[in-house]
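With numbering that gives the first Met the number 0, letter number 202 in the sequence shown gets 201, and the count goes up by one each step, no holes.
Using N, Cα and C, we set each Cβ at its ideal position, and we do this for glycine too.
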Amino acid sequence: MCGIVGYIGGKQAAPLLLKGLEKLEYRGYDSAGLAVVNEGEIIVKKARGRLLMLEEMTEYGACVDGRLGIGHTRWATHGEPNDVNSHPHLSLSGRVALVHNGIVENYAELRSFLSEEGYTFVSDTDTEVVVQLIDHYYRGDPASAVRKAAEQLRGSFALGIVFADRPDLFIALRKDSPLVVGLGRGENFIASDVPALLAHTRQIIRLGELEMAVVTREGVTVYDHFGVKVEHEVLNITWDAASAEKGGYEHFMLKEIMEQPEAFRRTVAPRIKDDGTIELGLQKLSDDALRSLERIYIVACGSSYHVGMVARYAIERMARVPVTVSLASEFRYDNPMIGSETLVIIISQSGETLDTLFALREAKERGARVLSIVNVVGSSIAVESTDVLYTWAGPEIAVATTKAYSTQLALMQLFTIYLARVRGKLTDNEAKAEVNALLATPDRLSALLKDTSDLQFLASLYFNRRDIFFMGRNIDYALALEGSLKLKEISYIHSEAYAAGELKHGTISLIEPGTLVIALCTGASLHEKMISNIREVKARGATVIALTTTPIYIDPEHPNANPDHVIYLPDCGELCAPSLTVVPLQLLAYYVALLKGCDIDKPRNLAKCVTVE
Ligand code: F6R
């Protein structure tokens with residue numbers, strides 16, 4: 000959601016900023032722009048639409064001189080996506096330009112204050128207020144002007160700011176919205192995310208809450224909220240630039256689907272000791288703390304929330320701890336009944352989802368311990384949690400999550416076994432058997448991914464359907480929700496998921512001849528119930544694709560009652576089943592969207608990292 004890049008050094012800034020923005024395209028945007036400081040002036044270029052428009056307008060940056068600049072891809076919040084509302088915004092005097100990610104909640108109040116001071120506005124954005132406010136305080140000391148302005152801002156912001164009369168520096172500042180600093184030799188950078196920096200450096204600093212970086216060619220100085228210098232650990236990014244490239248695949252999503260066996264292995268294997276026991280590497284949550292906890296809350300958004308739903312079934316069954324799964328956007332306003340006896344597990348790929356971050360803070364304020372399951376090292380959620388377990392999925396670029404989802408599942412499965420063992424609900428041998436099943440999952444995933452032709456064929460039959468329903472019971476219901484989300488977000492086909500037993504309480508009225516229903520029946524204990532539900536929708540004319548681990552009896556006497564297609568999955572036990580079930584759902588969504596010609600990696604209106612409430 001919005002991408003920011005910034006550069007100061009010996010090279011021409013504009014081409015470099017455009018290249019950086021290309022690497023952030025996955026975040027979702029509807030316009031792009033850049034501002035470059037040259038000979039005491041700020042040159043701003045911006046355009047609605049794809050980055051290509053800006054690239055063509057500036058001859059790929061060649062016609063914009065200057066060695067210091069900021070760039071932005073905008074995902075509209077205040078004001079429609081158009082040229083004027085695009086970032087960067089320039090102050091009325093032309094002295095300051097700024098890019099912004101986030102939402103300034105008190106912008107109306109600030110706008111009227113600035114209007115009284117004689118400022119006029121050209122855009123409908125909250126961001127323009129910030130640039131005028133900095134301009135208002137600017138007396139030749141950029142850091143002091145930015146600090147004074149920031150003190151007045153409410154909401155979330157990551158900012159990159161340049162000054163016409165300061166070709167020697169730019170400023171970056173963040174609150175509740177991610178920003179990283181890249182350290183080079185004789186050049187330095189900022190970006191919303193690491194992929195934008197990898198062509199230039201692997202040395203990065205993640206700015207903390209309300210920290211400000213003054214970035215010059217020679218170095219970067221970071222200050223806290225009070226203006227006191229902060230020393231930061233410099234992180235060395237180990238994954239190579241290629242892992243954020245498509246590597247021969249048509250889309251990042253397909254590449255990331257195919258990377259799941261390796262990502263799963265990377266997440267699980269290093270946490271298994273030679274004797275087959277689990278070492279999670281928790282720093283603060285002791286076994287005693289896990290033994291004494293009375294309940295667990297799992298809090299997340301979107302697909303991460305679906306992982307939480309799967310984990311609830313597993314934890315309650317195996318470790319016998321009551322679990323509540325909560326949408327992060329609801330949790331904060333729910334007055335949740337949590338305290339020191341509660342463990343709150345936060346699941347987030349990006350580690351920056353604002354609703355989830357705010358839920359984490361709410362949980363901590365109420366005295367709960369917070370364990371986060373996060374993919375992005377050093378992200379806000381990781382830093383602010385009591386303890387963190389990283390999913391080692393590598394960078395996930397496609398907006399629709401696949402490999403991060405799978406590694407979240409893997410880590411939650413591992414955590415469930417560990418918790419059950421610590422609480423005496425599994426014997427050593429039972430725990431080892433579960434661990435072995437987990438260790439065998441990557442090979443099973445590879446086998447599933449070897450031949451995708453059946454799913455391509457099914458996609459070719461049904462890609463033009465208007466509505467597609469998913470149904471399942473228990474864990475399969477959680478998977479049905481994920482399958483439905485994946486399909487609708489990238490193919491734009493209307494889709495809903497239902498607990499199969501719930502259909503006859505309303506939804507079945509939507510089933511008509513030809514409606515496609517995807518029935519998940521991987522749970523052996525609920526197999527017969529699912530077969531009845533399949534018959535119910537078949538009796539109303541639905542076309543059914545069934546996913547199962549148990550053979551489905553095909554009734555030759557009543558051909559119309561049988562599913563139209565059956566996809567068999569290997570039986571790997573209840574805990575590991577979701578890791579396999581999700582794969583055909585991801586592939587089906589992918590191939591349907593491909594046949595429909597959708598923008599698979601960057602679906603309309605969506606952003607990879609949702610940093611607004
Ligand atoms: C769906 C998807 C989203 C994310 C959600 C949470 O494919 O990717 O639903 O799961 O926005 O994001 P994170 O996990 O980064 O907090």
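By DSSP, does residue i sit in helix, in strand, or in coil?
i                 : result
valine 98         : strand
serine 641        : Absent from the structure is residue 641, since the part of the chain shown begins at 0 and ends at 612.
serine 30         : strand
threonine 547     : strand
lysine 607        : coil
aspartate 45      : One point to set straight first is that residue 45 is lysine, not aspartate, in the sequence displayed. Here lysine 45 sits in strand by DSSP.
leucine 519       : strand
threonine 341     : strand
serine 205        : According to the sequence provided, residue 205 is arginine. The question's serine does not apply to it. Three-state DSSP puts arginine 205 in a strand.
valine 180        : strand
phenylalanine 225 : coil
valine 128        : helix
alanine 75        : coil
threonine 220     : strand
valine 121        : coil
phenylalanine 414 : helix
valine 103        : strand
asparagine 187    : strand
glutamine 455     : helix
threonine 426     : coil
glutamate 535     : helix
methionine 529    : helix
histidine 504     : helix
proline 583       : helix
threonine 57      : coil
arginine 138      : coil
valine 83         : coil
proline 441       : helix
Which partner residues does residue i have in the DSSP bridge list?
i                 : result
lysine 174        : Phe156
phenylalanine 169 : Val161 and Val214
glycine 68        : Tyr6 and Val35
glutamine 151     : Answer is none; glutamine 151 lacks a bridge partner.
methionine 470    : Tyr497 and Ala518
serine 347        : Val373
histidine 88      : Leu97
valine 565        : Ala545
glutamate 40      : Asn37
leucine 234       : Ile203
isoleucine 133    : DSSP, once it has assigned bridges, lists no residue as partnering isoleucine 133.
Return yes when the C-beta of residue i is under 7 Å from any heavy atom of the ligand F6R, and no when it is not.
i             : result
valine 609    : yes
lysine 485    : yes
threonine 352 : yes
cysteine 575  : no
glycine 301   : yes
alanine 637   : The displayed coordinates of the chain run from 0 to 612. Any statement about residue 637 would go beyond what the structure contains.
serine 349    : yes
glutamate 488 : yes
threonine 390 : no
threonine 215 : no
threonine 266 : no
threonine 76  : no
threonine 355 : yes
Under 8 Å between C-beta atoms, does residue i make it to chain B?
i             : result
aspartate 123 : No chain B is present in this structure, which holds just one protein chain.
Practice task
Evaluate the contact criterion for the region 262 to 280 versus the region 305 to 324: three or more CB pairs, one atom per stretch, below 8 Å.
Solution key: Three or more Cβ pairs closer than 8 Å define a contact, and the region 262 to 280 falls short of that threshold against the region 305 to 324.
Handout entry: 4-residue-minimum alpha helix (DSSP H) runs that sit fully inside the region 251 to 327, ordered along the chain
Key = Counting whole runs of 4 or more residues, the region 251 to 327 contains the alpha helix (DSSP H) stretches 251 to 257, 259 to 267, 286 to 291 and 301 to 317.
Handout entry: Cβ contact (3+ pairs, closer than 8 Å) linking the region 450 to 470 and the region 293 to 304
Key = Contact between the region 450 to 470 and the region 293 to 304 is absent, with fewer than three C-beta pairs closer than 8 Å.
Problem - the region 590 to 600 contacting the region 441 to 459, beta-carbon criterion three pairs below 8 Å - result: The region 590 to 600 makes contact with the region 441 to 459: 3 or more CB pairs, one atom from each, lie closer than 8 Å.
Practice task
For the region 358 to 406, list the beta strand (DSSP E) runs that are entirely contained and at least 3 residues long, ordered along the chain.
Solution key: Within the region 358 to 406, the complete beta strand (DSSP E) segments of 3 residues or longer fall at 368 to 373 and 386 to 389, listed in chain order.
Exercise for the section: Determine, using beta-carbon pairs with one atom in the region 575 to 582 and one in the region 364 to 379, whether at least three such pairs fall under 8 Å. Expected result: With contact defined as three or more Cβ pairs closer than 8 Å, the region 575 to 582 and the region 364 to 379 are not in contact.
Exercise for the section: May I ask you to verify whether the region 4 to 12 touches the region 178 to 198, counting CB pairs closer than 8 Å and requiring at least 3? Expected result: Yes, since at least three Cβ pairs between the region 4 to 12 and the region 178 to 198 fall closer than 8 Å, the two stretches touch.
Exercise for the section: Count the C-beta pairs between the region 161 to 172 and the region 192 to 200 that are closer than 8 Å, then say yes if the count reaches three, no if not. Expected result: Not touching, per the Cβ criterion.
Exercise for the section: Check whether the region 126 to 142 touches the region 94 to 113, taking contact to mean three or more Cβ pairs, one atom from each stretch, closer than 8 Å. Expected result: Contact holds between the region 126 to 142 and the region 94 to 113, because three or more Cβ pairs, one in each stretch, are under 8 Å apart.
Practice task
Assess, as a yes-or-no matter, whether the region 371 to 386 is touched by the region 337 to 347 under the definition of 3 or more beta carbon pairs within less than 8 Å.
Solution key: A contact exists between the region 337 to 347 and the region 371 to 386.
Practice task
Say whether the region 278 to 286 touches the region 435 to 452, bearing in mind that this needs 3 or more beta-carbon pairs closer than 8 Å, one atom from each stretch.
Solution key: Too few Cβ pairs lie closer than 8 Å, so no.
Problem - At least 3 beta-carbon pairs within less than 8 Å: the region 148 to 156 vs the region 556 to 573 - result: Look at the beta carbons and you see the region 148 to 156 not touching the region 556 to 573: under three pairs across the two are nearer than 8 Å.
Problem - Stretch-stretch touch, CB-based, cutoff 8 Å, three pairs: the region 127 to 141 with the region 42 to 59 - result: As far as the Cβ criterion goes, the region 127 to 141 does not touch the region 42 to 59, which means the pair count is below three.
Exercise for the section: Specify whether the region 520 to 528 and the region 483 to 491 touch according to this definition: at least 3 beta carbon pairs, one from each stretch, less than 8 Å apart. Expected result: Contact between the region 520 to 528 and the region 483 to 491 is absent, with fewer than three C-beta pairs closer than 8 Å.
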